[in-house]
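Notes for the one structure printed next.
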Amino acid sequence: SQIFAYFFVSMTMSDNSGDDSKDKQTAPVPRIDSVTPVASTKWLSLQTLSYTDKEGKSRKWDVATRTTKRSANSADAVVIIPLLRRREHKEGDKMETVLVEQFRPPVGRTTVEFPAGLIDEGESPEDCALRELREETGYVGEKCRVVPKVSRQVCMSPGLTDETVHIVVVEVDLDNPYNHGTPKPDLDEGEYVVVKRVDFNEGLRAVLDDGEGMPIEGLYLFALGLELGSHVTGGGKSDDNGCRIF
């Protein structure tokens, strides 16, 4: 009976293996066939992907991935677009936003970015955005009165990394006492961030000009979109809160 059991299990495994191979051969292309780890540090891992292109040819691609990535279907981080304005709108009030400047070693210089941060395990994109905004800039965003708006997953640099993020638009009520004056960030050890509160239109337009800080691509494209929208609509129009509608 032991011999029969061994024979049965062996045949089953063999059959399953054949099915897997057959499934791969009939799976639609292009497709990822396998992932081979190459090297890893505390935060990053280098992998080689073996894949089949749309013509059925086998190819390889090197990719960097975060060691904190939980699954291919979950985003790594959030990028936050803060909308600063008063709940009680007054004549002459304009909407503002918050940008951050920090030294980024990979590019060897200071960058200009929207606030951003990694999503903790078990944390929703909304909660992560509110937490990172508070820690990085000191500003407290709205959670209940105006629910943060979360985008679908978007890729960052798909030729190099599998990193994906959610864009989260967060309302910041300037009438909230926590947002009065100059809120104090709660930065991690070794984190040095300069917080800049700027006019939503003019401040972002300045990102298009040459400056000391290098703008991150997403911020530059956002500012460029505002500028192009302004030209397309002949200068744009404003809503009741002074926010330009394109």
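Numbering (my numbering), first residue to last: 15 to 260.
We put the CB at the ideal spot given by N, CA and C, even for glycine.
This structure is a prediction, so every number in the text was calculated from the model and none was measured.
Beta-carbon proximity of residue i to residue j, cut-off 9 Å
| i | j | result |
| --- | --- | --- |
| residue 46 | residue 92 | no |
| residue 59 | residue 81 | yes |
| residue 186 | residue 234 | no |
| residue 14 | residue 66 | There is simply no residue 14 to check, as the chain begins at 15 and stops at 260 in what is shown. |
| residue 113 | residue 209 | yes |
| residue 184 | residue 155 | yes |
| residue 110 | residue 214 | yes |
| residue 197 | residue 151 | yes |
| residue 188 | residue 99 | yes |
| residue 115 | residue 131 | no |
Supposed close pair residue i, residue j - CB separation, criterion 8 Å
| i | j | result |
| --- | --- | --- |
| residue 164 | residue 129 | Contact flag wrong, Cβ pair sits at about 15 Å. |
| residue 147 | residue 229 | With a Cβ gap of about 19 Å, residue 147 and residue 229 do not count as contacting. |
Assigned exposure category for residue i - 16 Cβ within 10 Å defines buried
| i | result |
| --- | --- |
| residue 127 | buried |
| residue 90 | buried |
| residue 216 | exposed |
| residue 51 | exposed |
| residue 174 | exposed |
| residue 142 | buried |
| residue 162 | buried |
Residue i to residue j span [Cα, whole Å]
| i | j | result |
| --- | --- | --- |
| residue 123 | residue 54 | 25 Å |
| residue 135 | residue 145 | 13 Å |
| residue 22 | residue 85 | The predicted model places residue 22 with a pLDDT of 38, which falls under 50 and marks its position as unreliable; any figure quoted below should be read in that light. If I take the Cα positions, the gap works out to 35 Å. |
| residue 244 | residue 222 | 14 Å |
| residue 246 | residue 240 | 10 Å |
| residue 103 | residue 69 | 59 Å |
| residue 176 | residue 74 | 15 Å |
| residue 137 | residue 200 | 19 Å |
| residue 194 | residue 211 | 13 Å |
| residue 242 | residue 94 | 22 Å |
| residue 57 | residue 178 | 15 Å |
| residue 48 | residue 108 | 52 Å |
| residue 72 | residue 43 | 11 Å |
| residue 180 | residue 166 | 6 Å |
| residue 207 | residue 101 | 28 Å |
| residue 204 | residue 158 | 33 Å |
| residue 88 | residue 232 | 20 Å |
| residue 168 | residue 106 | 36 Å |
| residue 171 | residue 78 | 10 Å |
Span of the alpha helix (DSSP H) around residue i
| i | result |
| --- | --- |
| residue 139 | 139-151 |
| residue 284 | Absent from the structure is residue 284, since the part of the chain shown begins at 15 and ends at 260. |
| residue 219 | 216-219 |
Endpoints, beta strand (DSSP E) assigned at residue i
| i | result |
| --- | --- |
| residue 192 | Run containing residue 192: none; DSSP gives neither H nor E here. |
| residue 133 | Here residue 133 belongs to no beta strand (DSSP E), and DSSP marks it neither H nor E. |
| residue 158 | Here residue 158 belongs to no beta strand (DSSP E), and DSSP marks it neither H nor E. |
| residue 265 | It is not possible to answer for residue 265, since the shown part of the chain is limited to 15 through 260. |
| residue 101 | From DSSP, residue 101 is part of no beta strand (DSSP E); its letter is neither H nor E. |
Contact test: residue i Cβ vs the ligand FMN heavy atom, cutoff 8 Å
| i | result |
| --- | --- |
| residue 218 | With respect to the ligand FMN, the structure offers nothing, as it holds no ligand at all. |
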